[in-house]
């Protein structure tokens, strides 16, 4: 018994140290004006360089806010986002790309950390209104892009029938979480509609498929988390956890759910799903193995290695998971600056640490 307790204490200490290093890595990576930048690539339309600013800034900011990051750093990122909306409202992958529901949802999530503070409830409410423009009542989900009279990105994002304008489960699940965090009671019927769609689309094995993500771990975690937040959905979450357990590799990590080597991004999302389903009391060995895998994989500067995680499907392909390689407009994108992956790991380390301490 004493050996078990010492083992737990050692793991908690190591997680605490790793979390501090990761937080410093992210905080030191912001630009002078407060942004985070990642996912640089050469876009096929217009043959131009694109790098994410708005989307990545909101995502990293939310992750740091979850773990009590430096207030000045968070406020600088928040103020940059508030000072750089798109001309028509909302936020996008970058300043050079159209506004989209996923980016706006991340901004809402980030702003929710100032909920109730003087002067910020109005900004949060306005961001929610921008997000609701992408809601499709008939379909019960969120579109990533809205069909437009004037096509954007030379038509790729918004021409009639483009799959970029479909209802996407990965976006719907995140948007639902963001609105839940915003806390407006009037959003409850919409959130219940999101939950119905997610329950209907869960695979018999327990996972959810993603449109924008190369693999199943991202959509599976976010769908399970929204259902968990809304309550009364223990069976779908338990089914997702069983799928996650079956996908764990012998080394303790997880690949993208379709095979392949373990990666920090997917391992963090898999662990986060297990934490939704009872945590250590129910999944102790798998959680311990996964957390130790992440600790071994942390790099000396506090970050974690990037991997190909984000896909950009051709807009005529509506189910890219059916042909993960043939669907691609571009090769699967990596977060070259390692910010998105590290921001995905950081809250999981914090939640894992809390779960271990609470027993």
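Residue numbers (my numbering): -10 to 348.
Note that CB positions come from ideal geometry on N, CA and C, so glycine has one too.
Predicted model only: the values in this text are computed from it and were never measured.
{"Check": "With distances taken between CB atoms, is the gap from residue 123 to residue 89 smaller than 9 Å?", "Outcome": "yes"}
{"Check": "Could you tell me whether the stretch 12 to 31 touches the stretch 315 to 324, using the rule of 3 or more Cβ pairs below 8 Å?", "Outcome": "yes"}
{"Check": "What does the Cβ neighbour count give for residue 346, buried or exposed, with the cut at 16 atoms within 10 Å?", "Outcome": "exposed"}
{"Check": "What residue range is occupied by the uninterrupted beta strand (DSSP E) comprising residue 298?", "Outcome": "297 to 299"}
{"Check": "Use the C-beta contact count for residue 250: other C-beta atoms within 10 angstroms, 16 or more gives buried, fewer gives exposed.", "Outcome": "exposed"}
{"Check": "For chain B, is any of its Cβ atoms less than 9 Å away from the one on residue 282?", "Outcome": "Absent from the structure: chain B. Only one protein chain is present."}
{"Check": "Closest by CA to residue 69, which one among 14, 207, 24?", "Outcome": "24"}
{"Check": "If contacts are defined as beta-carbon pairs under 8 Å, then residue 331 and residue 82 qualify, I think. What distance do you get, rounded to the angstrom?", "Outcome": "Wrong, their Cβ atoms sit about 19 Å apart, outside the cutoff."}
{"Check": "Verify the contact flag: residue 219, CB atom, against every heavy atom of the ligand ADP, threshold strictly below 8 Å.", "Outcome": "Ligands displayed in this structure: none; no statement on the ligand ADP is therefore possible."}
{"Check": "Assign residue 74 to buried or exposed, taking buried as 16 or more other Cβ atoms, counted over all protein chains shown, within 10 Å of its Cβ.", "Outcome": "buried"}
{"Check": "Quick one: grab the DSSP three-state call for residue 82.", "Outcome": "coil"}
{"Check": "Look up residue 39 in the DSSP assignment and give the residues it is bridged to.", "Outcome": "30"}
{"Check": "State yes or no: is the C-beta of residue 171 within less than 9 Å of the C-beta of residue 217?", "Outcome": "no"}
{"Check": "Go ahead and pull the three-state DSSP assignment for residue 88.", "Outcome": "strand"}
{"Check": "So, using beta-carbon positions, are residue 92 and residue 79 closer together than 9 Å?", "Outcome": "yes"}
{"Check": "Using 8 Å as the cut-off, can you tell me whether the stretch 0 to 17 makes contact with the stretch 300 to 315, which would need three or more C-beta pairs spanning the two stretches below that distance?", "Outcome": "no"}
{"Check": "With a CB to CB cut of under 6 Å and the five nearest residues on each side skipped, what residues in its chain are close to residue 54?", "Outcome": "63, 102"}
{"Check": "Please list the segments of the alpha helix (DSSP H) lying wholly inside the stretch 256 to 300, counting only runs of 4 or more residues, in order along the chain.", "Outcome": "269 to 286"}
{"Check": "Spell out the partners DSSP gives residue 25 in its beta bridges.", "Outcome": "According to DSSP, which records beta bridges pairwise, residue 25 is partnered with nothing at all."}
{"Check": "From residue 189 to residue 61, what distance separates their C-alpha atoms?", "Outcome": "43 Å"}
{"Check": "To the nearest angstrom, how far is it from the Cα of residue 104 to the Cα of residue 340?", "Outcome": "21 Å"}
{"Check": "Leaving aside the five residues before and after residue 162 along the sequence, list all residues of the same chain whose C-beta is less than 8 Å from its C-beta, in chain order.", "Outcome": "183, 187, 197, 208, 211, 212, 214, 215"}
{"Check": "Going by Cα to Cα distance, which pick from 115, 19, 199, 240 is closest to residue 301?", "Outcome": "199"}
{"Check": "Hey, would you say residue 130 sits closer than 9 Å to residue 157, going by beta carbons?", "Outcome": "yes"}
{"Check": "Does the Cβ-Cβ distance between residue 87 and residue 137 come in under 9 Å?", "Outcome": "yes"}
{"Check": "Taking the Cβ atom as the reference point for each residue, do residue 256 and residue 201 lie within a distance shorter than 9 Å?", "Outcome": "no"}
{"Check": "What do you get for residue 185, buried or exposed, if any count of 16 or more other CB atoms within 10 angstroms of its CB means buried?", "Outcome": "exposed"}
{"Check": "Looking at residue 232 and residue 246, is the spacing between their C-beta atoms short of 9 Å?", "Outcome": "yes"}
{"Check": "Alpha carbon to alpha carbon, how far is residue 43 from residue 51?", "Outcome": "12 Å"}
{"Check": "Considering only C-alpha positions, which residue in the set 334, 273, 248 is nearest to residue 286?", "Outcome": "334"}
{"Check": "Using a Cβ-Cβ cut-off of 6 Å (strictly less than) and excluding sequence neighbours within five positions of residue 268, which residues of its own chain qualify?", "Outcome": "344"}
{"Check": "What three-state label does DSSP hand residue 125 in the structure shown?", "Outcome": "strand"}
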